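In the numbering used here, the protein residues as written are 53 to 261.
By construction, the Cβ of each residue, glycine as well, lies at the ideal position given by its N, Cα and C atoms.
This one's a predicted model, so the numbers in the text were calculated from it and none came from an experiment.
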Ligand SMILES: [Zn+2]
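Printed below as a string of structure tokens:
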């Protein structure tokens, strides 16, 4: 379930989920984008990579010269680049894909972990009562808990929330956007997380190359 994403966006996500992405930072170390190795190579070739923070390297192989030597380019998994600084906040919609990932696929009422297909978006203050569709008013809930809570607040339903819903900061946004984060990228991002979640321990997608 991917909420508000269009079919085209889903296809892009599916493709990008299969390859290693490079985390591009601006010159002050703020995340700007997840980019493909080919996109990162352009920054290297244009001399716009100011620093490298990643421990992982990916070697791209290029053409051959007359001596039979193949050119190679070593890419770091985290690069700081010169260039226009954009504010990437606000680009990420509140969609179920990110909401469930924020809550680690755990129902914030019963505390159990579910498959994505069994999860729903619950509005803490129900929409019918004026609750907004914001990160701070939405939590992951299993179908059973959501149905039981119905049109009530947690207090009225006597269903205490296990965690306070929060709007992800920029580093958490970048965590939510990439399902194949390398260990060094996760270490960099998680150092700036605003909220404590069991992401580091439980993230089944975390991988080391
Ligand atoms: Zn539940």
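### Task
State yes or no: is the C-beta of residue 161 nearer than 6 Å to some heavy atom of ligand 1?
By one-based count along the chain shown, residue 161 stands at place 109. Indeed, a heavy atom of ligand 1 lies less than 6 Å from the Cβ.
### Message
Strictly by DSSP, which residues pair up with residue 214?
### Response
For the purposes of this step, residue 214 is taken as the residue at position 162 of the chain shown. Answer is none; residue 214 lacks a bridge partner.
### Task
Indicate whether residue 181 and residue 135 have their beta-carbon atoms separated by less than 7 Å.
Taking the chain shown and counting its residues from 1, one reaches residue 181 at position 129. Taking the chain shown and counting its residues from 1, one reaches residue 135 at position 83. No, Cβ-Cβ distance for residue 181 and residue 135 is not below 7 Å.
### Distance cut-off 6 Å: residue 197 Cβ against heavy atoms of ligand 1
On the chain shown, position 145 is the one that residue 197 refers to. Residue 197 Cβ: within cutoff of ligand 1.
### Message
Can you give me the C-alpha to C-alpha distance between residue 243 and residue 204, rounded to a whole angstrom?
### Response
The residue labelled residue 243 in the question sits at position 191 within the chain shown. The residue labelled residue 204 in the question sits at position 152 within the chain shown. Residue 243 and residue 204: Cα-Cα distance of roughly 36 Å.
### Query
Between residue 192 and residue 152, is the Cβ-Cβ spacing less than 7 Å?
Locating residue 192 in the chain shown gives position 140, counting from the first residue. Locating residue 152 in the chain shown gives position 100, counting from the first residue. Yes. Within cutoff.
### Message
Quick check for students: name the residue ranges of the alpha helix (DSSP H) that lie wholly in the segment 99 to 185, counting only runs of 4 or more.
### Response
148 to 154
### Task
May I ask you to check if the CB of residue 147 is nearer than 6 Å to at least one heavy atom of ligand 1?
Residue mapping note: residue 147 aligns to position 95 of the chain shown, counting from 1. Residue 147: no, Cβ never under 6 Å from ligand 1.
### First through last residue of the beta strand (DSSP E) which encompasses residue 77
The residue labelled residue 77 in the question sits at position 25 within the chain shown. Start and end: 74 to 77.
### Query
Taking buried to mean at least 16 other C-beta atoms within 10 Å of its own C-beta, is residue 25 buried or exposed?
There is no way to answer for residue 25, as the model of the chain reaches only from 53 to 261.
### Task
Compute the Euclidean distance between the alpha carbons of residue 109 and residue 130, then round it to the nearest angstrom.
Looking up residue 109 in the chain shown gives position 57. Looking up residue 130 in the chain shown gives position 78. Near 9 Å, if we compare the C-alpha coordinates of residue 130 and residue 109.
### Query
Three or more beta-carbon pairs under 8 Å between the segment 114 to 122 and the segment 154 to 171, yes or no?
no
#### Entry: Where the beta strand (DSSP E) containing residue 83 begins and where it ends
Within the chain shown, numbered from 1, the residue matching residue 83 stands at position 31. Per DSSP, residue 83 belongs to the beta strand (DSSP E) from 83 to 87.
### Query
Alpha carbon to alpha carbon, how far is residue 165 from residue 195?
As a position in the chain shown, residue 165 is number 113, starting the count at 1. As a position in the chain shown, residue 195 is number 143, starting the count at 1. Those two C-alpha atoms are separated by around 12 Å.
### Task
Use the C-beta contact count for residue 133: other C-beta atoms within 10 angstroms, 16 or more gives buried, fewer gives exposed.
Within the chain shown, residue 133 is the residue found at index 81, counting from 1. Looking at its Cβ environment, which holds 16 or more other Cβ atoms inside 10 Å, residue 133 is buried.
### Task
Determine the closest residue to residue 223 out of 211, 237, 171, with distance taken between C-alpha atoms.
The residue you call residue 223 lines up with position 171 of the chain shown. Out of 211, 237, 171, 237 has the C-alpha closest to the C-alpha of residue 223.
### Task
Could you tell me whether the Cβ atoms of residue 112 and residue 93 are closer together than 7 Å?
By one-based count along the chain shown, residue 112 stands at place 60. By one-based count along the chain shown, residue 93 stands at place 41. Cβ atoms of residue 112 and residue 93: closer than 7 Å.
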